[in-house]
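*Asks:* Residue 217 is where the sequence shown starts when you use the numbering used here, and the numbers rise one by one after that.
Built from N, CA and C at the ideal position, the CB exists for glycine as well.
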Amino acid sequence: MNKTPFQARMCRNSLPVVITLLFSACVSDCTNVTATDGGKVILPCNCQNMTSLISWQRDYTIVYNDDRDQTALQYRDRTAILDNSCSLILSQVRASDAGVYTCYYEEKTFFDVYVTLQVTVPDPHVQRPQVFWSVPVVSVVCGSLVLLLIWVSVWIIKRKNRKNEMRENPPELWSLKD
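Spelled out as structure tokens, the structure:
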């Protein structure tokens, strides 16, 4: 079949357009989530009616499936579904968990939601300042300051009262009488 120059140009130019559209659809529909290595994270997937047909995948690996036997071993004891949602709870996050996750669920038809997980690993060489002011220390210091303030206030009030008494009732002076 011979193509007209217009058709040939359309075929040549359509591949980059299709690739760009697919990439832009993923980028615009992707939710970015950041987690810390060793922490817990929720990958959001909002479904209206939670059904039993929920599956989370990363590339071709099954991260979560209602049938736990289909879930990959590296995710089996670290994943769960958030109550009344299709969102995935991923525990004990690892640096190797970073990537694009897809949530598949059914509501009359099948839907898929993309979530990009970024994992930050704290630098072990960076020393974090040690916190001296713990809760018990702060409580003792604040309590001591309050008691000191009360004692000083009482002392000032008593001193003023004593001065006023002295003014109103001056002490009798000894007089030398012959």
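Confirm, please, whether the CB-CB distance from G254 to V316 is below 8 angstroms.
*Replies:* As a working mapping, residue 316 is identified with position 100 in the sequence shown. As a working mapping, residue 254 is identified with position 38 in the sequence shown. No.
*Asks:* Taking only beta-carbon atoms, is H341 less than 8 angstroms away from chain D?
*Replies:* Absent here is chain D; the protein component of the structure consists of one chain.
*Asks:* Using C-beta distances below 6 angstroms, list every residue in its chain close to V329, excluding the 5 sequence neighbours before and after it, in chain order.
*Replies:* Counting from 1 along the sequence shown, the entry for residue 329 is found at position 113. If we look at V329 and ignore the five residues flanking it on each side, its Cβ neighbours are C261 and C319.
*Asks:* In chain order, which beta strand (DSSP E) runs of at least 3 residues are fully inside the segment 292 to 322?
*Replies:* Runs found: 295 to 297 and 304 to 306.
*Asks:* Rounded to whole angstroms, what's the CA-CA distance from L269 to F327? Just pull it up for me.
*Replies:* As a working note, residue 269 is residue 53 in the sequence shown. As a working note, residue 327 is residue 111 in the sequence shown. Distance between the alpha carbons of L269 and F327: 11 angstroms.
*Asks:* Just to confirm before moving on: does the CB-CB distance between Y280 and I297 stay below 8 angstroms?
*Replies:* Residue numbering aside, residue 280 sits at position 64 when the sequence shown is read from its first letter. Residue numbering aside, residue 297 sits at position 81 when the sequence shown is read from its first letter. Against a cut-off of 8 angstroms, the Cβ pair of I297 and Y280 comes out as a contact.
*Asks:* Suppose you measure from the CA of N385 to the CA of L361; what does that come to, to the nearest Å?
*Replies:* On the sequence shown, residue 385 is found 169 positions in, with the first residue counted as 1. On the sequence shown, residue 361 is found 145 positions in, with the first residue counted as 1. Near 36 angstroms, if we compare the C-alpha coordinates of L361 and N385.
*Asks:* Around the Cβ of F239, are there at least 16 other Cβ atoms within 10 angstroms (buried) or fewer (exposed)?
*Replies:* As a working mapping, residue 239 is identified with position 23 in the sequence shown. For F239, the predicted model reports a pLDDT of 39, less than 50, meaning its position is unreliable and no value from the coordinates is stated.
*Asks:* What's the C-alpha gap between V335 and D285?
*Replies:* Within the sequence shown, the letter at position 119 stands for residue 335. Within the sequence shown, the letter at position 69 stands for residue 285. C-alpha separation (whole angstroms): 26 angstroms.
*Asks:* Hey, would you say T332 sits closer than 8 angstroms to C246, going by beta carbons?
*Replies:* What you label residue 332 is simply residue 116 of the sequence shown in a count that begins at 1. What you label residue 246 is simply residue 30 of the sequence shown in a count that begins at 1. The answer is yes: Cβ separation under 8 angstroms.
*Asks:* Taking C-alpha atoms, which residue in Q343, D313 and N377 lies nearest to I278?
*Replies:* Residue 278 sits at position 62 when you count from the first residue of the sequence shown. Checking every option, the nearest Cα to that of I278 belongs to D313.
*Asks:* How is L237 classed by DSSP in three states: helix, strand or coil?
*Replies:* As a first step, residue 237 must be located in the sequence shown, where it is residue number 21. Annotation note: pLDDT 36 at L237 (below 50); position unreliable, coordinate value reported separately. L237: helix per DSSP, three-state reduction.
*Asks:* Are the CB atoms of V337 and L306 nearer to each other than 8 angstroms?
*Replies:* Taking the sequence shown and counting its residues from 1, the one referred to as residue 337 is at position 121. Taking the sequence shown and counting its residues from 1, the one referred to as residue 306 is at position 90. Result no, Cβ atoms of V337 and L306 do not sit closer than 8 angstroms.
*Asks:* I'd like the span of the beta strand (DSSP E) that includes D328, first residue to last.
*Replies:* The sequence position of residue 328 within the sequence shown is 112, counting from 1. Run containing D328: T325 to T336, per the beta strand (DSSP E) assignment.
*Asks:* Return the CA-CA distance between M382 and V370, expressed in angstroms with no decimal places.
*Replies:* Here residue 382 corresponds to residue number 166 of the sequence shown, with the count starting at 1. Here residue 370 corresponds to residue number 154 of the sequence shown, with the count starting at 1. Approximately 18 angstroms, taken between the alpha carbons.
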